[in-house]
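Participant: In this text, residue positions in the sequence shown follow the UniProt record's numbering: the first is 1, and each later residue adds one. Handing you a structure now.
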Amino acid sequence: MPSSTDRPALVWFRDDLRLADNPALDAAQASGRPLVLIFLLDEASEDVRPLGGAARWWLGRSLAALAADIETKGGRLLLRRGRASEIIPGLASELRAEAVYWNRRYGAGEIAIDTAVKAALTARHVNAESFGGNLLHEPWTVQTQSGGPFRVFTPFYRRAMAQPVRTPVRAQAAWRFAPAPAGERLEDWALEPTAPDWAGGLREAWTPGEARARAALGTFLDEGIHGYGEGRDRPDRPSTSRLSPFLRFGEISPHQALAAARHAEADGSAPPRDVAKFVSEVYWREFSYHLLFHFPDIGRTNFNGRFDAFEWANDEGLMRAWRRGLTGYPLVDAGMRQLWQTGWMHNRIRMVAASFLIKHCLTDWRRGEEWFWDTLVDADPANNPASWQWVAGSGADAAPYFRVFNPVAQGEKFDPEGAYVRQFVPELAALPSDIVHRPWEAAPTVLRRAGVVLGETYPRPVVDHAQARQRALDRFQRLRGE
Numbered sequence: 001m002p003s004s005t006d007r008p009a010l011v012w013f014r015d016d017l018r019l020a021d022n023p024a025l026d027a028a029q030a031s032g033r034p035l036v037l038i039f040l041l042d043e044a045s046e047d048v049r050p051l052g053g054a055a056r057w058w059l060g061r062s063l064a065a066l067a068a069d070i071e072t073k074g075g076r077l078l079l080r081r082g083r084a085s086e087i088i089p090g091l092a093s094e095l096r097a098e099a100v101y102w103n104r105r106y107g108a109g110e111i112a113i114d115t116a117v118k119a120a121l122t123a124r125h126v127n128a129e130s131f132g133g134n135l136l137h138e139p140w141t142v143q144t145q146s147g148g149p150f151r152v153f154t155p156f157y158r159r160a161m162a163q164p165v166r167t168p169v170r171a172q173a174a175w176r177f178a179p180a181p182a183g184e185r186l187e188d189w190a191l192e193p194t195a196p197d198w199a200g201g202l203r204e205a206w207t208p209g210e211a212r213a214r215a216a217l218g219t220f221l222d223e224g225i226h227g228y229g230e231g232r233d234r235p236d237r238p239s240t241s242r243l244s245p246f247l248r249f250g251e252i253s254p255h256q257a258l259a260a261a262r263h264a265e266a267d268g269s270a271p272p273r274d275v276a277k278f279v280s281e282v283y284w285r286e287f288s289y290h291l292l293f294h295f296p297d298i299g300r301t302n303f304n305g306r307f308d309a310f311e312w313a314n315d316e317g318l319m320r321a322w323r324r325g326l327t328g329y330p331l332v333d334a335g336m337r338q339l340w341q342t343g344w345m346h347n348r349i350r351m352v353a354a355s356f357l358i359k360h361c362l363t364d365w366r367r368g369e370e371w372f373w374d375t376l377v378d379a380d381p382a383n384n385p386a387s388w389q390w391v392a393g394s395g396a397d398a399a400p401y402f403r404v405f406n407p408v409a410q411g412e413k414f415d416p417e418g419a420y421v422r423q424f425v426p427e428l429a430a431l432p433s434d435i436v437h438r439p440w441e442a443a444p445t446v447l448r449r450a451g452v453v454l455g456e457t458y459p460r461p462v463v464d465h466a467q468a469r470q471r472a473l474d475r476f477q478r479l480r481g482e
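Okay, here's the thing in structure tokens:
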């Protein structure tokens, strides 16, 4: 039993699976008390959305990496399952902990959990301390002149950029741990699929964990950031950071990403224009969390209530074709297959695929958001719904309702040689570049030489673009009362 002068500090990991630049962990270490480190798998608390399949896979791999990192410091990651409002206070009492430390989350359900945990700890005379570790700015600190939340990105970005950002902190050199009680085995949580095992492509594409997050950031700043301003729209090139799942699970902090980009700019190794664009993307993530905090129903209800009256078709056949990457539009299909194979999709293609489902197929954006939630390794409670609403035209700072991405034009502009389509839609690989994004217009001899039989080896378009676009515009105009 610990003495009154050596009572441990309990650190509760959540979406911050890293040892460096972790304010809750840093504060616990600064207390001088021995540490007990816990990750709690809470699938029992109400109003908290369970992780999708791809995110569960990532979580399992990330926890294994975090546990290994903690072992190198001489400690152990304690794993428990259950309702946080019961497990955390109970464990604190069991350990006779002096305090519990954690980094904040921003969904309404998560905030309710933290409030309940803090109340239970206070009732047991245990200090509870929370920190801002996963955003550059806490959502309530970036306000309009009238003191309210922003609804448009650009003024939010300007106001947030004018505020100071803390410097990231390295992991401590010296570690002191308290004996931890028995926990659960990670493999018993069944976070990885087995029957069937659909995660082979994820394992080939990703290595979760803090070390890989740092390496990915370094590779991006050494290579990918050059020409990022324009290149980030090219799915056929390695020109994006691919940091999103690492940020999602907190294996790297936005402070680390921002500081590294600024340093690369300062030493001349990264072009200022490209750094500025990357920074704006980091702040788009901030804006999404700003919206989630101030408008917690953004994942379930239209931000613009006028869209409640929209006439969705919700055709099951079209939804099935979209999910399987069999719409007959090669760029859309490539994106959906990339998603299924790797758990990730290029951002430009996310917009095109989402627009296609919403506007070509007239499918409720929430159905697409649910599919992305289940299949993305970076499925994020703020970015995912905010971005779907942006494409639908129902969200904050949304794309205009009349913006309907043309998947052929998008393909010819951003995948001009068809390399991206050939990678993920191999049945079209032998088509010439000038026809690969619209195979239904290819001459019979061209199709024959490429081994393509429309309707058999590759589907014909499930909808006609011009007709689908006009149908969507007609319904949007009726919604507007025009």
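Ideal placement from N, C-alpha and C gives every residue a C-beta, glycine not left out. As the structure is a computational prediction, the values presented were derived from the model and not from experiment.
Nearest-angstrom Cα distance between L10 and G109?
Facilitator: Within the sequence shown, numbered from 1, the residue matching residue 10 stands at position 10. Within the sequence shown, numbered from 1, the residue matching residue 109 stands at position 109. Using only the alpha carbons, I get a separation of about 22 Å.
Participant: Smallest Cα separation from G343: which of T375, Y101, D188 and D21?
Facilitator: For this step, residue 343 is matched to residue 343 along the sequence shown. Looking at the Cα atoms, T375 is the closest of the given residues.
Participant: Around the C-beta of S445, are 16 or more other C-beta atoms found within 10 angstroms, so that it is buried, or is it exposed?
Facilitator: Position 445 of the sequence shown holds residue 445. Position check: residue 445 holds Thr in this sequence, whereas Ser was assumed. Burial check for T445: the Cβ neighbour count within 10 Å stays below 16, so the residue is exposed.
Participant: Looking only at its own chain, which residues have a Cβ that is under 6 Å from the Cβ of T457, when we skip the five neighbours before and after it?
Facilitator: Within the sequence shown, residue 457 is the residue found at index 457, counting from 1. These residues qualify, in order along the chain: E427.
Participant: Are there 16 or more other CB atoms within 10 angstroms of the CB of N314, so buried, or fewer, so exposed?
Facilitator: Indexing the sequence shown from 1 puts residue 314 at position 314. When all chains shown are included, N314 counts as exposed.
Participant: Find the nearest neighbour of A419 within the set A213, M336, P330 and A119, judged by alpha-carbon distance.
Facilitator: Here residue 419 corresponds to residue number 419 of the sequence shown, with the count starting at 1. Taking only the C-alpha atoms, the option nearest A419 is P330.
Participant: Am I right that A65 and P208 are in contact with their C-beta atoms under 8 Å? What's the rounded C-beta distance?
Facilitator: Walking along the sequence shown from the start, residue 65 turns up at place 65. Walking along the sequence shown from the start, residue 208 turns up at place 208. Right, their Cβ atoms sit about 6 Å apart.
Participant: Does DSSP put Y458 in a helix, a strand or coil?
Facilitator: For this step, residue 458 is matched to residue 458 along the sequence shown. Residue state, collapsed to three classes: strand.
Participant: Around the C-beta of T72, are 16 or more other C-beta atoms found within 10 angstroms, so that it is buried, or is it exposed?
Facilitator: Along the sequence shown, read from residue 1 onward, the residue named residue 72 stands at position 72. Flag for T72 reads exposed.
Participant: Apart from the five residues just before and just after G75, which ones in its own chain have a Cβ nearer than 7 Å to its Cβ?
Facilitator: Working through the sequence shown from its first residue, we reach residue 75 at position 75. Contacts found: L35, L37, W175 and F177.
Participant: When the Cα atoms are used, what is the spatial distance from S130 to R105?
Facilitator: Reading the sequence shown from its first residue, position 130 is the one you call residue 130. Reading the sequence shown from its first residue, position 105 is the one you call residue 105. Distance between the alpha carbons of S130 and R105: 10 Å.
Participant: How do the segment 287-300 and the segment 378-398 stand: do at least 3 beta-carbon pairs fall below 8 Å, yes or no?
Facilitator: yes
Participant: I need the DSSP call for Y101, collapsed to helix, strand or coil.
Facilitator: On the sequence shown, position 101 is the one that residue 101 refers to. In the three-state DSSP reduction, Y101 falls in the strand class (E or B).
Participant: Helix, strand or coil: how does DSSP classify R232 here?
Facilitator: As a position in the sequence shown, residue 232 is number 232, starting the count at 1. Residue state, collapsed to three classes: coil.
Participant: Is A442 near I435, with beta carbons less than 8 Å apart?
Facilitator: Taking the sequence shown and counting its residues from 1, one reaches residue 442 at position 442. Taking the sequence shown and counting its residues from 1, one reaches residue 435 at position 435. Against a cut-off of 8 Å, the Cβ pair of I435 and A442 comes out as a contact.
Participant: Cutting at 7 Å between CB atoms, please list the residues of its own chain near P235, excluding the five before and the five after it.
Facilitator: For the purposes of this step, residue 235 is identified with residue 235 of the sequence shown, where counting begins at 1. Contacts found: H346, R348, I349, F414, D415 and Y420.
Participant: Where G335 and Q341 are concerned, what is the direct C-alpha to C-alpha distance, given to the nearest angstrom?
Facilitator: To locate residue 335, count along the sequence shown from 1; it is residue 335. To locate residue 341, count along the sequence shown from 1; it is residue 341. Each residue's Cα considered, the two are about 10 Å apart.
Participant: Counting only the same chain and skipping the five closest in sequence on each side, list residues whose C-beta sits under 7 Å from that of Y228.
Facilitator: The residue you call residue 228 lines up with position 228 of the sequence shown. Hits under 7 Å: S239, D274, K277 and F278.
Participant: If you drop the 5 nearest sequence neighbours on each side, which residues of the same chain put their C-beta closer than 7 Å to that of V404?
Facilitator: Locating residue 404 in the sequence shown gives position 404, counting from the first residue. If we look at V404 and ignore the five residues flanking it on each side, its Cβ neighbours are S355, K359, R469 and A472.
Participant: List the endpoints of the continuous alpha helix (DSSP H) containing F156.
Facilitator: On the sequence shown, position 156 is the one that residue 156 refers to. Note, F156: alpha helix (DSSP H), F153 to M161.
Participant: According to DSSP, simplified to helix, strand and coil, what is F287?
Facilitator: By 1-based counting over the sequence shown, the position of residue 287 is 287. Three-state DSSP puts F287 in a helix.
Participant: Give the straight-line distance between the Cα atoms of residue 484 and S394, rounded to the nearest whole angstrom.
Facilitator: Past the edges of the chain, shown from 1 to 482, lies residue 484, and the structure says nothing about it.
Participant: With DSSP as the reference, label N22 as helix, strand or coil.
Facilitator: To locate residue 22, count along the sequence shown from 1; it is residue 22. It is coil, neither helix nor strand.
Participant: Let me know the secondary structure DSSP gives S130 once reduced to three states.
Facilitator: In the sequence shown, the residue the question calls residue 130 occupies position 130. DSSP places S130 in strand when its eight states are reduced to three.
Participant: Going by DSSP in three states, I435 sits in which element: helix, strand or coil?
Facilitator: Counted from its first residue, the sequence shown places residue 435 at position 435. Note: I435 maps to coil in three-state DSSP.
Participant: Out of N22, R448 and T219, state which residue places its alpha-carbon closest to the alpha-carbon of R242.
Facilitator: Start at 1 with the first residue of the sequence shown, and residue 242 comes out as number 242. Nearest of N22, R448 and T219 to R242, Cα basis: T219.
Participant: Give the straight-line distance between the Cα atoms of N302 and T115, rounded to the nearest whole angstrom.
Facilitator: As a first step, residue 302 is located in the sequence shown; it is residue number 302 there, counting from the start. As a first step, residue 115 is located in the sequence shown; it is residue number 115 there, counting from the start. Each residue's Cα considered, the two are about 27 Å apart.
Participant: Answer with buried or exposed for E230, where buried requires no fewer than 16 other C-beta atoms within 10 angstroms of its C-beta.
Facilitator: Translated into positions along the sequence shown, residue 230 becomes position 230. Under this definition E230 is an exposed residue.
Participant: Leaving aside the five residues before and after L339 along the sequence, list all residues of the same chain whose C-beta is less than 6 Å from its C-beta, in chain order.
Facilitator: Position 339 of the sequence shown holds residue 339. These residues qualify, in order along the chain: M345 and T375.
Participant: Considering only residues of the segment 370-441, which uninterrupted alpha helix (DSSP H) runs meet the minimum length of 4 residues and lie entirely inside it, listed in chain order?
Facilitator: 383-392, 407-414 and 419-424
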